[in-house]
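Just so you know, we're using the UniProt record's numbering here: the sequence shown kicks off at 1 and counts up by one. Think of the CB as a built atom: it goes at the ideal place given N, C-alpha and C, for glycine as much as any other residue. Structure, as structure tokens:
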Amino acid sequence: MRLWIRNPLAILAENAGGGVVIEDGVIVELVTLGGFPSLPVTESFDASDHVVLPGLVNTHHHFYQTLTRAHPAAIDRELFPWLKALYPLWARLRPEDLRIAVRAALVELLLSGCTTVADHHYLYPEGLENAVDIAVEEARALGIRVTISRGSMNLSQKDGGLPPDEVVQDEETILVDSERVLKLFHDPSPGSMVQIALAPCSPFSVTPSLMAKSAELAARFDAPLHTHLAETEDEDAYCQDVYGKRPLDLLEEAGWMRPKTWLAHGIHFSCEECERLGKAGVGVCHCPTSNGVLASGFCKTRELEAAGAPLGLGVDGSASNDGSNLMEELRHALLLNRLHYKSASAVTARDTIRWATEGSARCLGREDIGRIAPGMQGDLALYKLDELRFSGAHDPIAALVLCGASRADRVLVGGRWRVIDGEIPGLDLTGLRRSHGLASRRYA
């Protein structure tokens, strides 16, 4: 099938004022303003009321946390006490509740214009051994691309770590299951719908041995690596107290300083460490909303990009963001970074769009998504500017960020419509809200 998205109101691509042609799920042609496709098309869509972006790419989330949004036990706490308050609740997580939490997170992201999602599931109480399988099944049902991170924790409170004993696993169990899900689901080929990353959780919840062995296993399967790093000053102090090293030094010793490694948060890197990350090709996922909620600090976005490090955006877990809307994250990124750098020109609306598309794709090690260009996957997010908030906006693309867009009108993944008129075909959104709300009551 050849689909022509024709005559958009605006499009984030050069010389594409007449739209874009997608064939068999791949972009094959950009049409100039006033022009027509070079070959006949089988279907066309009039996008004259739509702003067309590459599909957004979310590079950090914890799907299960949608069950504990705005939880009284954790409100107004910083990271370590926030985690300690929520770990006992998450330890009760059941497979059926995880499934509905995953579905809710994916739906919210898809409706915001997100076409590729990375999740980091590191919590494995008894009975939740197939958490990765559940996430893959739900993503396939919705038709959204995913990188599901097989997370892990093996350093509990009895070993000097932060998490309680009931949510961690031993090293052998983790590595055996990591290899299982890599063999079962990981597809590194262009256009793949499911990829697996290995993701030991953080310096205060895993051992250096697990970090190193996870890196070796990921290399065998050409799989990405992911972890939290340099998120808080408490983490820095923990690493100094326990290991006598900074977090990035631990990462390097474990063999993680290489392309296809990306880190969540990266707030407390020094300028010298930003240079090291850029030289190694290690990416950083900026999570501005979560960082603001937990008062964790400011990510050195400009320094990281100047050093050559891939920089993406992520909503982070819904218990520290309290939402899973990547489009809203762009506006938060703009505002937070302008405050950080004390300059209105330091970060632009288009910078944040680039972070959420091309930059995020680079973090995941993917060269087939994140841009509107021939040869790229047909992943597009189409937004209308028909709400009152957009009235008077003169730059349609900047308006999405500056005026606060939050929901896509149409979304294509691999050339297939996954959102039509602001809804996911076949999804009972009211029923999902009801089921998710009932599940969340078990974690009050």
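Continuous beta strand (DSSP E) stretch holding residue i: start and end
{"i": "residue 200", "result": "194-200"}
{"i": "residue 61", "result": "That residue, residue 61, is in no beta strand (DSSP E); it is neither H nor E in DSSP."}
{"i": "residue 340", "result": "Segment 326-341 is the alpha helix (DSSP H) holding residue 340; no beta strand (DSSP E) there."}
{"i": "residue 119", "result": "114-121"}
{"i": "residue 149", "result": "145-152"}
{"i": "residue 311", "result": "311-313"}
Option in the options with minimal Cα separation from residue i
{"i": "residue 253", "options": "77, 268 and 209", "result": "209"}
{"i": "residue 73", "options": "414, 90 and 327", "result": "90"}
{"i": "residue 262", "options": "292, 215, 141 and 29", "result": "215"}
{"i": "residue 415", "options": "43, 103, 119 and 182", "result": "43"}
{"i": "residue 296", "options": "325, 50 and 76", "result": "76"}
{"i": "residue 350", "options": "339, 367, 243 and 371", "result": "371"}
{"i": "residue 207", "options": "170, 192, 185 and 178", "result": "170"}
{"i": "residue 391", "options": "153, 403, 339 and 383", "result": "403"}
{"i": "residue 127", "options": "150, 109, 95 and 135", "result": "95"}
{"i": "residue 64", "options": "400, 426 and 319", "result": "319"}
{"i": "residue 312", "options": "202, 142 and 284", "result": "284"}
{"i": "residue 188", "options": "146, 408 and 323", "result": "146"}
{"i": "residue 17", "options": "30, 373 and 23", "result": "30"}
{"i": "residue 87", "options": "358, 335, 154 and 163", "result": "163"}
{"i": "residue 382", "options": "406, 439 and 435", "result": "406"}
{"i": "residue 455", "options": "218, 364, 173 and 166", "result": "The first residue shown for the chain is 1 and the last is 444, placing residue 455 beyond what the model contains."}
{"i": "residue 234", "options": "260, 258 and 203", "result": "203"}
{"i": "residue 227", "options": "172, 191, 176 and 316", "result": "316"}
{"i": "residue 134", "options": "85, 153, 102 and 143", "result": "102"}
{"i": "residue 36", "options": "5, 413, 286 and 57", "result": "5"}
{"i": "residue 352", "options": "339, 345 and 331", "result": "331"}
{"i": "residue 424", "options": "69, 71, 41 and 109", "result": "109"}
{"i": "residue 430", "options": "107, 50, 45 and 46", "result": "107"}
{"i": "residue 20", "options": "125, 374 and 129", "result": "374"}
Buried versus exposed call for residue i [16 or more other C-beta atoms within 10 Å across all chains shown]
{"i": "residue 148", "result": "buried"}
{"i": "residue 98", "result": "buried"}
{"i": "residue 246", "result": "buried"}
{"i": "residue 197", "result": "buried"}
{"i": "residue 240", "result": "exposed"}
{"i": "residue 34", "result": "exposed"}
{"i": "residue 200", "result": "buried"}
{"i": "residue 183", "result": "exposed"}
{"i": "residue 433", "result": "exposed"}
{"i": "residue 272", "result": "exposed"}
{"i": "residue 15", "result": "exposed"}
{"i": "residue 140", "result": "exposed"}
{"i": "residue 195", "result": "buried"}
{"i": "residue 131", "result": "buried"}
{"i": "residue 138", "result": "buried"}
{"i": "residue 367", "result": "exposed"}
{"i": "residue 420", "result": "exposed"}
{"i": "residue 426", "result": "exposed"}
{"i": "residue 39", "result": "exposed"}
{"i": "residue 289", "result": "buried"}
{"i": "residue 277", "result": "buried"}
{"i": "residue 172", "result": "exposed"}
{"i": "residue 409", "result": "buried"}
{"i": "residue 411", "result": "buried"}
{"i": "residue 116", "result": "buried"}
Boundaries (first-last residue) of the alpha helix (DSSP H) holding residue i
{"i": "residue 301", "result": "301-307"}
{"i": "residue 137", "result": "131-142"}
{"i": "residue 176", "result": "171-185"}
{"i": "residue 95", "result": "95-111"}
{"i": "residue 49", "result": "Run containing residue 49: none; DSSP gives neither H nor E here."}
{"i": "residue 434", "result": "429-440"}
{"i": "residue 89", "result": "79-90"}
{"i": "residue 416", "result": "Unbroken run through residue 416 is the beta strand (DSSP E), 416-419; no alpha helix (DSSP H)."}
{"i": "residue 2", "result": "Segment 2-6 is the beta strand (DSSP E) holding residue 2; no alpha helix (DSSP H) there."}
{"i": "residue 354", "result": "349-354"}
Expected contact under 8 Å - CB spacing of residue i and residue j to nearest Å
{"i": "residue 443", "j": "residue 67", "result": "5 Å"}
{"i": "residue 11", "j": "residue 378", "result": "Actually they do not touch by this definition, with Cβ atoms about 14 Å apart."}
{"i": "residue 225", "j": "residue 256", "result": "6 Å"}
{"i": "residue 380", "j": "residue 55", "result": "6 Å"}
{"i": "residue 59", "j": "residue 314", "result": "5 Å"}
{"i": "residue 48", "j": "residue 9", "result": "6 Å"}
{"i": "residue 385", "j": "residue 398", "result": "So it is not a contact: roughly 11 Å between Cβ atoms."}
{"i": "residue 301", "j": "residue 79", "result": "Actually they do not touch by this definition, with Cβ atoms about 20 Å apart."}
{"i": "residue 82", "j": "residue 336", "result": "About 19 Å separates the two Cβ atoms, so there is no contact after all."}
{"i": "residue 248", "j": "residue 269", "result": "7 Å"}
{"i": "residue 498", "j": "residue 25", "result": "Only positions 1 to 444 of the chain appear in the structure, and residue 498 is not among them; the question remains open."}
{"i": "residue 369", "j": "residue 361", "result": "5 Å"}
Beta carbon proximity, residue i to chain E, threshold 8 Å
{"i": "residue 73", "result": "Structure shown: chain E not included; a single protein chain is present."}
Mind pulling the alpha helix (DSSP H) runs of 4 or more residues that sit fully within the region 364-413? 396-402
Mind listing, in chain order, the continuous beta strand (DSSP E) runs of no fewer than 3 residues lying wholly within the region 211-299? 225-229, 261-265 and 283-286
Could you name each continuous beta strand (DSSP E) segment of 3 residues or more that falls completely within the region 15-46, going from the start of the chain to the end? 19-23, 26-31 and 43-46
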